[in-house]
Each structure stands twice: as structure tokens, then as C-alpha cells.
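Data block below; observations after.
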Amino acid sequence: MNRLVILARVSTSKQDTERQLSDLNEVCTRNQYDLVNTFTETVSGKYGITERTTLQAIIKMAELKQFDKLLVSEVSRIGRKTSEVLKFIEILTERKISIYIHNYGLETLDRNLNQNPLIGMMINFLSSFSDMERTLTISRVKSGLEEARRRNVILGRPKNSTKDIDIFIDENKRLFELIKKQLTIREIARLTYKSTTTVVKAIKLYKLHPEKFLSAT
């Protein structure tokens, strides 16, 4: 069992996967694994399996039995939603593909390809910790907003501001690539797992801000 696939993910274009790839390639070299493919993506971890073409590609390779082990630097590189992470692990486990989580030195399967019971416990623990941290953050934000309103501070930015547009373009680069190729709305939605509403919004932005669109692709 030595055919390997690496997955590295960052959330924004301001980040890079260099550190993740360096650490995981070192693991690969040290264990003399046969590196079959390396996947890198810039996408928020909030998106589910069906919304991420990279995870879909990895699942397809697993179905074709093209690799034996997936390497990630940490669980959050698979995703931020516990349910989606567990679902992805389950899909690979059913196909006898082990996932090595580098920062914990743990694998989802043991040498006999049986599921490691520690994995589910660890993910649920991390999820509970993340939920608590998120709750505290939301509480602090609400407190800050209430204080700002008390002082009559104007909050937020205008709808469809330049920053909003740039974020949308950065998170939907694949959409713009397909729009440029003049595919239909339904074809683009099917290939990107996006709603037709999102595709239509992207097309409108492309027509209104072609210079931003071209720079994003």
C-alpha cells in the first residue's frame, strides 16, 4: 500500500500551499511512497463535497483504485464541516483508502485496512472545540455591533461594493473560466456544482466588470 495522493488547501488567494506541500512531500520521500497525484485548491472549507471539484476528483480516483493513501496536513484541509469531513472519510474508507493526517500522525485505517476508532473521536472533539470558538466569536461580534449601534456608528459597506465583487470572483474562478468558453448556464451549473442563480450572477459580473473577470482567471 504505497501509492499516494496529496491534498493541500487554502481558503484565499492571499495564502499559499507551499508549507503544506513541503511537509507532505517530505513524508512521501521518507516513506518511499509512490506519489501518484498532488491536488491543491483555493476554496473555503465551508463548502461540501459536491461543491468541491478537487474532492470529487479524489473520490473518482478512489473508485478506480488508482491510489492507496491520501495525505493531508490537518483535518481542516478536508473541510470545516464535521459532517462533510466524516462523509468524505467514510467514502474513502469504504474503498479501503487510508487518510494520513500529518499534524496528528494518525491514519483513518490500520495496517489491516480496518477503521481507526480514534479518528471519529478526534474529529468530534475538534468539532466541539471549533463550535465553542465560533460561538465565542459570534458573541463578541454581536457585543461589538450593539455597542456601535449605541454610539450611532454606521456599519457595513454598500451592497455590491468592489470588495464584495472581488471576493465573489476569487471564490468562483472556475465559473468565469467556463463562462469565457461560452457554455450554457445549465452546463456551467452542472460542471461546477453551483446553482443557476450563482451562474447568472457571475455572468452579469462578467459583462459589467470584464477586466476583473479576466484578471481572476
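Residue numbers (the working numbering): 270 to 486.
Positions of the beta carbon are idealized from the N, C-alpha and C atoms, including for glycine.
Within 10 angstroms of the Cβ of L441, are there 16 or more other Cβ atoms? Answer buried if so, exposed if not.
Reading the sequence as shown, one finds Asn at residue 441 and not Leu. The residue is buried, with at least 16 neighbouring Cβ atoms inside 10 Å.
Quick check on S282: buried or exposed, where buried means 16 or more other Cβ atoms within 10 Å of its Cβ?
With fewer than 16 Cβ atoms within 10 Å of its Cβ, S282 is classed as exposed.
On the three-pair Cβ rule with 8 Å, is the region 367 to 387 touching the region 332 to 341?
Because the criterion of three Cβ pairs below 8 Å is met, the region 367 to 387 and the region 332 to 341 touch.
Round the Cβ separation of D273 and V305 to the nearest angstrom and send it over; I've been treating them as touching at under 8 Å.
Looking at the sequence itself, residue 273 is Leu, so the reference to Asp does not match. That belief holds up - the Cβ atoms of L273 and V305 are roughly 6 Å apart, short of 8 Å.
Spell out the partners DSSP gives R278 in its beta bridges.
Paired residue(s): E310.
DSSP three-state label for L474, please.
Helix at L474.
Assess, as a yes-or-no matter, whether the region 312 to 327 is touched by the region 450 to 463 under the definition of 3 or more beta carbon pairs within less than 8 Å.
Segments in contact, yes.
Would a C-beta distance cut-off of 8 Å place I358 and T307 closer than the cut-off?
No.
For K481 versus I448, is the C-beta spacing smaller than 8 Å?
Against a cut-off of 8 Å, the Cβ pair of I448 and K481 comes out as no contact.
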